[in-house]
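What follows is one structure encoded as structure tokens, with my remarks underneath.
In this note's numbering, the protein residues as written are 981 to 1598.
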């Protein structure tokens, strides 16, 4: 089901802009249309556009205020009434002053955080050196010797040790963890070791030149300074929160106004102005249009026009409850246009029927259903709801087939077992295919009529000629199978209908006449082949029903051959898991294939655009 969409244009005094824009935003049900699709280009050139949003800077200041204290604003837009009198300069001065004050504190916190990060690395270094009993100032006094402190990945440590054996280098292991080894290297000042360190991916840590004393004493001082900085950062953070708390009443009050006004003037980018008036166009539903009418009737300065303009109506799919969750399957193929029938209800029933018939098993269906609905509850995705519903369909067909986790001797089938009735299920699948293809052609005829393409129906391979040709061919084949001879009268009808379908290319396609004649033969061949291939494609319904039983039978035979209860149980368990996951996925794909290629391609263009109402945005 789809909702009726109504085009509208509003022309009004400029002073009504804020009131009307807020009503549009509050409705959450109006899609704005670019006026290039509504107004003549010559007239459009004489109209002006709002270049800048006058409330953008104030809005940004307020957002910075909220972000500085890690708050997310929740503006109460419905409580803001228009027209309203506010002092823009007063609010601007307030937000700018408060934002600057908080920004200064944030900058101090950033500086301290950077210092804290440096201290953190120095603490890490001196934690490794704390057990070395040497004054770090003595290290700087060495003239004939140099030192390096750092870490290298354990993967390169052995290579590093091999390299320094050949040189006059002393390496002391300071610490080691799962990934890195910390080393203190002492070497001759004339020795160049950069290449050795580079090959070993050595990461150097340098001691601050201002430090003096033993590492363990320096470490204590570093910890004290680190804690002091943490305390200072916390005090500054509390100061920010205090400032916010003291001004909270004005912050929330002013922000709600500014948030609404910022969105109003964002919307104004889609509005055109004269000196005294403005014009705006859009699409909405009948209910919202009637609300706009009520407002217009109480205001002499607003003109509401309803007329079609050069823009395709957007689509709102309005399926309820159970069917709503299957809309995404339709949207993956395309959005129904305003002149197309919404196939969602039919697709829902077909999907469940196809899936259940191909994957009929009480146990497997129960697992799918439980898992699907559990994931839907956790994640909220319609895909999981469809999986859960498909599991229920599998359970239903499992009862009809008498299959529980692959075993066919636990319950008695209410219908027939696929493996025991192969020809029956294959033939039944073809009958289902014939019915579904016929329904697709009927829907195509309905869509053609809705689009005003009645003249095309007689020549359409999925229209009147197509459906007649399809059924005459079917009837003739069944007659020949029964009587052993093709009915002669059928030749007359078949030739007539084939000619009509062939004429489609010549009458309606673009191109040179000679090319259209040749193309017509190829199109006709494709149509006739399509009738056959699409019909036979539905054999997969019965084939996968048998495949499901046959696959479990293979695992059952393997389990039986082991002559070991534990091994048999493991094989059957793994077999059921493989069937649920692998075959469940394959059947899901095959179900989509039948719907998209055998059904949708005969009637559904899916070239519509989804309704995109304008909303309040941060």
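For glycine and all other residues, C-beta sits at the position ideal for the given N, C-alpha and C.
All figures in this text were calculated on a predicted structure; none of them were measured in a lab.
For secondary structure counted as the beta strand (DSSP E) over 3 or more consecutive residues, the region 1027-1062 holds no complete run. Its Cα nearest to that of residue 1020, the residue 1252 stands out among 1484, 1507, 1010, 1252.
Looking from the CA of residue 1555, the closest CA among 1566, 1568, 1538 belongs to 1538. Rounded to whole angstroms, residue 1355 and residue 1300 show a C-alpha spacing of 21 Å.
Per DSSP, the unbroken alpha helix (DSSP H) holding residue 1449 starts and ends at 1444-1463. For residue 1231, there is no enclosing beta strand (DSSP E); the enclosing alpha helix (DSSP H) covers residues 1228-1247. Taking the Cα positions, residue 1460 is about 5 Å away from residue 1466. Residue 1164 is bridged by DSSP to 1129, 1152.
The alpha-carbon separation between residue 1093 and residue 1074 amounts to approximately 28 Å. Selection 1570, 1017, 1568, 1025 evaluated against residue 1287 yields 1017 as nearest (Cα-Cα). Here residue 1263 carries a strand assignment [DSSP, helix/strand/coil]. Annotation: residue 1089 is outside any beta strand (DSSP E); the continuous alpha helix (DSSP H) that includes it extends over 1068-1109. With contacts defined as CB atoms closer than 8 Å, residue 1560 and residue 1348 qualify as a contacting pair. About 6 Å separates the Cβ atoms of residue 1437 and residue 1425, confirming a contact at the 8 Å cut-off.
For the pair residue 1012 and residue 1594, the CB atoms are nearer than the 8 Å cut-off.
Contact check between the region 1151-1166 and the region 1096-1103: fewer than three CB pairs, one atom from each, fall below 8 Å, which does not count as touching. Between residue 1589 and residue 1295, the C-beta gap is smaller than 8 Å, which places the two residues in contact.
One Cα belongs to residue 1202, the other to residue 1196, and the distance between them is close to 10 Å. Bounds of any beta strand (DSSP E) do not take in residue 1064, whose DSSP letter is neither H nor E. Judged by beta-carbon spacing, residue 1400 lies beyond the 8 Å limit of residue 1374, meaning their Cβ atoms are not closer than that value. Within the DSSP secondary-structure output, residue 1315 pairs in a beta bridge with 1587. Just so you know, the alpha carbons of residue 1524 and residue 1273 end up roughly 57 Å apart.
The Cβ atoms of residue 1128 and residue 1169 lie no closer than 8 Å to each other.
Boundaries of the alpha helix (DSSP H) harbouring residue 1406: 1402-1430, taken from the DSSP string.
In the three-state scheme derived from DSSP, where H, G and I count as helix and E and B as strand, residue 1479 is classed as helix. Here residue 1000 carries a helix assignment [DSSP, helix/strand/coil]. With respect to the C-alpha of residue 1282, the residue from 1259, 1516, 1009 having the closest C-alpha is 1259. Remark: C-beta atoms of residue 1382 and residue 1346 do not approach each other more closely than 8 Å. Taking one beta carbon from each stretch, the region 1223-1243 and the region 1134-1146 have fewer than 3 pairs nearer than 8 Å; the two do not touch. Residues of the same chain with a CB within less than 8 Å of the CB of residue 985, apart from the 5 flanking positions on each side, are 1263, 1264, 1265, 1293, 1294, 1295, 1296, 1318, 1591 in chain order.
Beta-carbon to beta-carbon, residue 1257 and residue 993 are separated by about 6 Å, close enough to satisfy the 8 Å threshold. For the pair residue 1409 and residue 1518, the CB atoms are nearer than the 8 Å cut-off. Rounded to whole angstroms, residue 1218 and residue 1597 show a C-alpha spacing of 30 Å. Here the C-alpha atom of residue 987 lies approximately 14 Å from the C-alpha atom of residue 1004.
No Cβ-Cβ contact shorter than 8 Å links residue 1452 with residue 1422. Shortest Cα-Cα distance from residue 1553 to any of 1386, 1215, 1173 involves 1386.
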